[in-house]
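Report on the structure given below.
Residue numbers (this note's numbering): 365 to 484.
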């Protein structure tokens, strides 16, 4: 029964693609063909047993056309463009902190480290 089956071109192409995929995964060609063919026969058997001739199949919705326009990818800004628009951060441009502010910040940092467990 399996030898006298004639397949259409799309099915042959699909099965051949599956064989190539298995071969790329390291399987030899004969074993890959056997596995793909057995899977195909199993699908046919499942389809034949599940489809009952008494009940007509419901109408399938029309397939969505593949020509739908796709959004264009966003333009990537290059680092050279970004540098020309804004200057990189420099420490000399920052406001100098007073000794009181530095002491307060160090005390807060010590509290956080103690909460996190870095200091005891």
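Positions of the beta carbon are idealized from the N, C-alpha and C atoms, including for glycine.
Practice task
Compute the Euclidean distance between the alpha carbons of residue 467 and residue 438, then round it to the nearest angstrom.
Solution key: What you label residue 467 is simply residue 103 of the chain shown in a count that begins at 1. What you label residue 438 is simply residue 74 of the chain shown in a count that begins at 1. Note on geometry: alpha-carbon atoms of residue 467 and residue 438 lie some 46 Å from one another.
Practice task
In angstroms with no decimal places, state the Cα-to-Cα distance between residue 485 and residue 434.
Solution key: The chain is shown from 365 up to 484; residue 485 falls before or after that span and cannot be answered.
Practice task
Leaving out five residues on either side along the sequence, give the residues of the same chain with a beta carbon under 8 Å from the beta carbon of residue 393.
Solution key: Counting from one through the chain shown, the residue named residue 393 turns up at place 29. Closer than 8 Å at the Cβ level, and outside the excluded window around residue 393, lie 383 and 387.
Handout entry: Alpha carbon of residue 365 to alpha carbon of residue 436, nearest angstrom
Key = Numbered from its first residue, the chain shown carries residue 365 at position 1. Numbered from its first residue, the chain shown carries residue 436 at position 72. Confidence at residue 365 is low in this model, with a pLDDT of 45, below 50, so its placement is unreliable and the value that follows should be read with caution. Rounded to the nearest angstrom, the two C-alpha atoms are 51 Å apart.
Problem - Simplified DSSP assignment, three categories, for residue 381 - result: Locating residue 381 in the chain shown gives position 17, where the first residue counts as 1. Helix.
Practice task
Kindly indicate which residue of 390, 422 and 379 has the alpha-carbon position closest to the one of residue 407.
Solution key: By 1-based counting over the chain shown, the position of residue 407 is 43. For residue 407, the closest alpha carbon among the candidates 390, 422 and 379 is that of 379.
Practice task
With a threshold of 16 other CB atoms inside 10 Å of the CB of residue 396, please say whether the residue is buried or exposed.
Solution key: Position 32 of the chain shown, counted from the first residue, corresponds to residue 396. Answer is buried; the Cβ neighbour count reaches 16.
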